[in-house]
Amino acid sequence: IFKLDKSTIKKHTISDIIEILDEVPQSEGLHVYLSKEFITEIPFPYPFRSDNHTVMVVVSGIADIQLNLINYTLEANNFIVVSPKTVIHLLGIKVPLQLIAISFTTDFALNNNMNKNSIEAFDFFVSKNIPKLSFGQQEMENFVTITKILQQKNIESNEAFFGKEMVSHAFNLLMFEIASI
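Residue numbers (the working numbering): -15 to 165.
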């Protein structure tokens, strides 16, 4: 049986990924990435692991991705939830590719979950199964709107009154939006 050598697979933190994507850091434990232009080349041409959760949504184009050696093709309105330590390998893209990626640490999710009783809504983040799901048109519009608000509040969180609370509420709204699907 072929066994993957874990030592050869790079590990990236949210900070590493932000640096590779040439993004400005946002708040501790959360980064919201919306591709402003079309992605024309693969930013990570090698398999890697991350220490965070990521919700990846294809807005337009197609991304061929491998997660723990299983291939997925993501088209517009498809999204996938990637848990920490998953081996991620972006195999190919078809332009015009635009992505949304929301990356957050487990600590961020736990510290920003306002209603501890609602933690079951986030069970899909700790599931070993990697669900590839699709948004309907209205769900996609809601997701993009909430993501833009979350990104803006996350960038402004240190300067704004109730900045961290607004990030927390927007984050929870987005997570419930995903969990409802």
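From the three backbone atoms N, C-alpha and C, an ideal C-beta is built for every residue, glycine too.
{"Query": "Span separating the alpha-carbon of Met159 from that of Phe119", "Result": "14 Å"}
{"Query": "Beta-carbon proximity check, Asn138 vs Val128, cutoff 8 Å", "Result": "no"}
{"Query": "Whole-Å CB distance - Pro75 paired with Ile23, under 8 Å assumed", "Result": "It is Leu, not Pro, that sits at residue 75 in the sequence shown. Incorrect: roughly 14 Å between the Cβ atoms, too far for contact."}
{"Query": "Extent of the continuous alpha helix (DSSP H) to which Gln122 belongs", "Result": "Gln121 to Glu140"}
{"Query": "Top-ranked residue by Cα proximity to Glu161, from Asp6, Met124 and Ile26", "Result": "Met124"}
{"Query": "Start and end residues, alpha helix (DSSP H) containing Gly147", "Result": "Gly147 to Ser164"}
{"Query": "Burial state of Phe63, where buried means 16 or more other Cβ atoms lie within 10 Å", "Result": "buried"}
{"Query": "Check whether Leu58 and Ile46 have beta carbons under 8 Å apart", "Result": "yes"}
{"Query": "Where Asp48 sits in the DSSP three-state scheme", "Result": "strand"}
{"Query": "Touching by the beta-carbon criterion (3+ pairs, under 8 Å), the region 2 to 10 and the region 32 to 52", "Result": "no"}
{"Query": "Distance between Ser164 and Leu5 (C-alpha atoms, nearest Å)", "Result": "30 Å"}
{"Query": "Closest Cα partner of Asp0 within the set Asn36, Glu21, Glu25 and Gln121", "Result": "Asn36"}
{"Query": "Cut-off 6 Å between Cβ atoms - residues of its own chain near Lys(-6), not counting five sequence neighbours on either side", "Result": "Phe32"}
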